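Below is one structure, written out as structure tokens; the observations come after it.
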Amino acid sequence: MTETIFEFLSKIGFHHPIHPALTHIPMGMVMGAAMFRVLSLIPRMKFLARTGYHCVVLGLLGIFPTAFAGYLDWQHTFQGQWEFLIILKMVLAVLLTLLMATILYLDDTETPKLNKVTLFYCLAVLCAIGLGFSGGELQYG
Ligand code: HEM
């Protein structure tokens with residue numbers, strides 16, 4: 844299946860890895876979500892908690908195609924070889940998914956506080972940084 848997809852993309856003139864183009868969705872949404880969350884702790888900016896929550900929704904939706912594209916690139920470019928950075932990326936992708944799903948379930952955007960949920964927003968940023976760093980190491984060495 845992987846090679847069929849890459850052959851098709853090559854025929855229409857696209858010769859690049861597909862994962863990097865999609866990574867911006869979860870990366871950007873996680874960063875935005877945490878920033879809006881932190882700003883919403885200022886009483887006058889409480890309304891931004893909802894914006895942060897919406898970023899989490901979009902970021903979570905973006906994780907699935909991004910991880911799938913990462914899997915395809917891994918199969919195509921790295922011949923599916925197991926190595927530490929790939930395992931790390933898989934663990935971080937699962938962790939990020941769980942954190943964001945938990946935020947969606949627990950968050951109360953009407954009364955944002957410096958609580959466990961805010962900590963989850965910050966941990967999601969750490970996961971995103973880890974995913975980007977390990978991805979960059981894989982790509983550029
Ligand atoms: C939400 C999940 C993920 C995010 C946010 C993410 C993010 C990134 C980023 C930022 C890069 C660097 C791209 C660049 O060169 O500009 C990258 C590269 C890479 N990632 Fe991920 N990643 C995720 C999940 C995965 C998974 C699950 C796999 C493998 C199963 C994977 C495999 C790769 C590979 C092989 C590269 C090297 C570039 C390429 O050939 O695509 N990623 N990732």
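Position 16, counted from 1, in the sequence shown is what this note's numbering calls 859; the numbers after and before it change by one each time, with no gaps. Where a beta carbon is used, it is the ideal one built from N, C-alpha and C, also for glycine. If you're wondering where the values come from, they're calculated on a predicted model, not measured in any experiment.
*With distances taken between CB atoms, is the gap from residue 874 to residue 901 smaller than 8 Å?*
Translated into positions along the sequence shown, residue 874 becomes position 31. Translated into positions along the sequence shown, residue 901 becomes position 58. No, Cβ-Cβ distance for residue 874 and residue 901 is not below 8 Å.
*Is residue 916 near the ligand HEM, going by C-beta to nearest heavy atom under 7 Å?*
Numbered from 1 along the sequence shown, position 73 holds the residue referred to as residue 916. Checking every heavy atom of the ligand HEM against the Cβ of residue 916, one is found closer than 7 Å.
_Following a CB-centred definition, is residue 981 positioned closer than 7 Å to any heavy atom of the ligand HEM?_
Residue numbering aside, residue 981 sits at position 138 when the sequence shown is read from its first letter. Checking the Cβ of residue 981 against the ligand HEM gives yes.
*Just reading off the alpha helix (DSSP H) that residue 925 is part of, what are its end residues?*
Residue 925 sits at position 82 when you count from the first residue of the sequence shown. Taken as a continuous stretch (DSSP letters only), residue 925 belongs to no alpha helix (DSSP H), as it is neither H nor E.
*residue 880 burial status per 10 Å Cβ neighbour count (16 or more: buried)*: Mapped onto the sequence shown, residue 880 falls at position 37. Its Cβ being crowded by 16 or more others within 10 Å, residue 880 is buried.
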